[in-house]
Amino acid sequence: MKNTAIPTRIFRFYLEGFKSMTWGKTLWIIILIKLFIMFVILKIFFFPRFLNQFDSNAEKEQYVSKELIDRALKP
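Numbering of the sequence shown is given in our numbering, commencing with residue 104 and proceeding in unit increments.
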């Protein structure tokens, strides 16, 4: 066992642990649903894309640099 690579040993450790769990699959489904909600649903509703209002990359770059400078100079 000591001759196997560390990533392989880590993978086997977790695989054996999850196989022996009685609620393992249910918990992983809940975790995946929560991750989906956090990264997909919340992004759609709470993080609008402000840069879509600009047509070219130059306008986007100018807006971002202006915002960074303005926010850095605020006390």
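In this text, a Cβ means the ideal position worked out from N, Cα and C, and glycines have one as well.
So, for residue i: in the same chain, excluding its five sequence neighbours on each side, which residues have a beta-carbon less than 8 Å away from its beta-carbon?
i, result
"methionine 124", "Leu130"
Output the distance between the C-alpha atoms of residue i and residue j, rounded to the nearest integer angstrom.
i, j, result
"leucine 171", "glutamine 156", "18 Å"
"aspartate 173", "phenylalanine 149", "23 Å"
"leucine 154", "alanine 175", "20 Å"
"tyrosine 166", "isoleucine 144", "27 Å"
"arginine 152", "phenylalanine 142", "15 Å"
Suppose the cutoff is 6 Å on Cβ atoms and the five residues either side in sequence are ignored; what does the same chain contact list for residue i look like?
i, result
"phenylalanine 121", "Gly127"
Once you ignore the five residues that flank residue i on each side, which residues in its own chain have a CB closer than 7 Å to its CB?
i, result
"lysine 163", "Leu154, Phe157"
Going along the chain, which unbroken runs of the beta strand (DSSP E) with 3 or more residues stay wholly within the stretch 131–169? none
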